[in-house]
Amino acid sequence: MAEVNLSHAKEFILLGFSDLPTLQDTLFSIFLVIYINILIGNGLIIVVTKSDKALQTPMYFFLGNFAFLEICYTSVTLPRMLSDLWTQNKNISVLACATQLCFFLILVVSESLLLAVMAYDRYVAICKPLYYTLIMNQKACIQLVVVSWITGTPVLIGQTYQVFSLPFCNSNIINHIFCDMPPLMKLACGNTTWNEILVYVEVVSFGFIPFVLILYSYIKIFITIQKLPSVMGRSKAFSTCSSHLMVVVLFYGSGIVAYLQPKTSYVAGIEKMLSLFYTIITPMFNPLIYSLRNKDVIVAMKKYFLNVKCHEAMR
0 MAEVNLSHAK
10 EFILLGFSDL
20 PTLQDTLFSI
30 FLVIYINILI
40 GNGLIIVVTK
50 SDKALQTPMY
60 FFLGNFAFLE
70 ICYTSVTLPR
80 MLSDLWTQNK
90 NISVLACATQ
100 LCFFLILVVS
110 ESLLLAVMAY
120 DRYVAICKPL
130 YYTLIMNQKA
140 CIQLVVVSWI
150 TGTPVLIGQT
160 YQVFSLPFCN
170 SNIINHIFCD
180 MPPLMKLACG
190 NTTWNEILVY
200 VEVVSFGFIP
210 FVLILYSYIK
220 IFITIQKLPS
230 VMGRSKAFST
240 CSSHLMVVVL
250 FYGSGIVAYL
260 QPKTSYVAGI
270 EKMLSLFYTI
280 ITPMFNPLIY
290 SLRNKDVIVA
300 MKKYFLNVKC
310 HEAMR
């Protein structure tokens with residue numbers, strides 16, 4: 000294939016699922032249903048955590064922010080995927096690709112940090128219950144959320160600029176479902192060792208370190224739970240953590256494998272499957288995990304729908 004200098008090119012070709020030509024309509028329908036479910040499920044969590052007085056606690060404040068983050072996170076990639084499947088237009092401008100990558104990375108880091116904040120909240124609630132209201136006051140909760148949202152932004156804007164400043168050659172075809180770091184690095188030619196090192200540093204800083212903090216929090220939580228005298232107390236304490244732990248496993252499991260994969264061993268098919276997990280599957284299951292395993296959320300949702308029905312009946 001002829002060499003392409005993308006410093007002068009105006010667009011990439013984003014292959015997506017073009018290797019499955021007979022399944023384009025089916026994939027469009029599946030992803031559309033998933034996107035609608037993500038919007039409705041996470042939207043409901045936002046509404047009930049804001050409207051129900053029983054859920055006006057730090058845990059549900061963080062959960063509401065996490066649900067909003069999930070909507071933003073999936074909206075960076077899924078609408079574009081749906082558009083590509085519907086129109087069969089695989090072209091994406093360099094600016095649009097850079098914008099998608101930048102917002103995607105920022106939101107991934109925000110989600111990673113917010114998951115760590117949520118683990119810290121559970122650690123304080125279970126291991127330091129007498130100091131919980133003092134430590135997790137409203138000001139502290141807002142500050143933790145703001146830090147989660149903005150910490151990685153300057154670094155990731157710089158990282159995006161560096162990636163798109165690289166010389167790209169051989170092809171302007173991205174064999175992936177959206178503009179992500181690994182497939183873009185695969186297209187770069189010349190010496191990209193420094194850029195790969197920076198990617199690994201960022202993965203460690205914004206992915207691995209928060210994961211270790213989460214792991215440490217849960218080790219302390221489990222030790223504390225085992226010391227509780229009653230079985231019911233242990234069960235209740237564990238139930239407040241199990242949903243978050245399941246989300247952590249889904250998110251970090253697929254994300255770390257994808258981003259710690261060296262450029263030389265990059266396989267497009269595996270990368271696409273992994274990216275589907277952390278961009279679509281996890282956000283789709285999160286509302287189910289948090290609602291089905293949380294009695295307070297179930298009660299709040301029933302109350303919300305009952306109020307909606309009452310208002311409709313009064314009209």
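With numbering that gives the first Met the number 0, letter number 270 in the sequence shown gets 269, and the count goes up by one each step, no holes. All residues carry an ideal CB built from backbone N, CA and C; glycine is no exception.
Cβ shell of residue i (< 8 Å), same chain only, five flanking positions each side left out
i: Y130; result: V123
i: N194; result: Q161, V162, L165, M184 and A187
i: L244; result: Y217
i: M313; result: none
i: E110; result: F65, L68, E69, Y72 and F250
i: L81; result: F27, F30, L31 and Y34
i: V247; result: L114, A118, F210 and I213
6 Å CB neighbourhood of residue i in its chain, flanking five on each side removed
i: F60; result: C140
i: Q23; result: L84
i: F205; result: V108, S111 and G151
i: L143; result: V116
i: M300; result: V47
Residue i: first and last residue of the uninterrupted beta strand (DSSP E) it sits in
i: L13; result: E10 to L13
i: N90; result: N90 to S92
Nearest-angstrom beta carbon gap, residue j and residue i [assumed within contact, 8 Å]
i: V276; j: S253; result: Note that residue 276 is Phe in the sequence shown here, rather than Val. Right, the Cβ-Cβ distance comes to about 4 Å (below 8 Å), so this counts as a contact.
i: C126; j: K226; result: About 10 Å; that fails the 8 Å criterion.
i: S289; j: V298; result: A quick correction: the sequence has Tyr, not Ser, at residue 289. About 13 Å separates the two Cβ atoms, so there is no contact after all.
i: I173; j: L19; result: The Cβ separation is near 16 Å, so there is no contact.
Extent of the continuous alpha helix (DSSP H) to which residue i belongs
i: D24; result: Q23 to S50
i: K127; result: Looking at the DSSP string, K127 is not in any alpha helix (DSSP H), and its letter there is neither H nor E.
i: F60; result: P57 to T86
Close Cβ partners of residue i (< 7 Å) along its chain, the five nearest in sequence each way excluded
i: E201; result: V154 and Q158
i: N36; result: M283
i: I33; result: I279 and M283
i: Y119; result: S216
Quick check: the stretch 137-155 against the stretch 100-120, are at least 3 beta-carbon pairs closer than 8 Å?
yes
The stretch 48-56 in contact with the stretch 212-228 per 3-pair CB rule at 8 Å:
no
Evaluate contact between the stretch 68-85 and the stretch 28-46, counting only Cβ atoms and requiring at least three cross-stretch pairs below 8 Å.
yes
Taking contact to mean 3 or more Cβ pairs, one atom from each stretch, closer than 8 Å, check whether the stretch 169-178 and the stretch 73-80 are in contact.
yes
Ordered list of alpha helix (DSSP H) runs contained in the stretch 139-225, each at least 4 residues:
152-163, 180-186, 192-202 and 208-225
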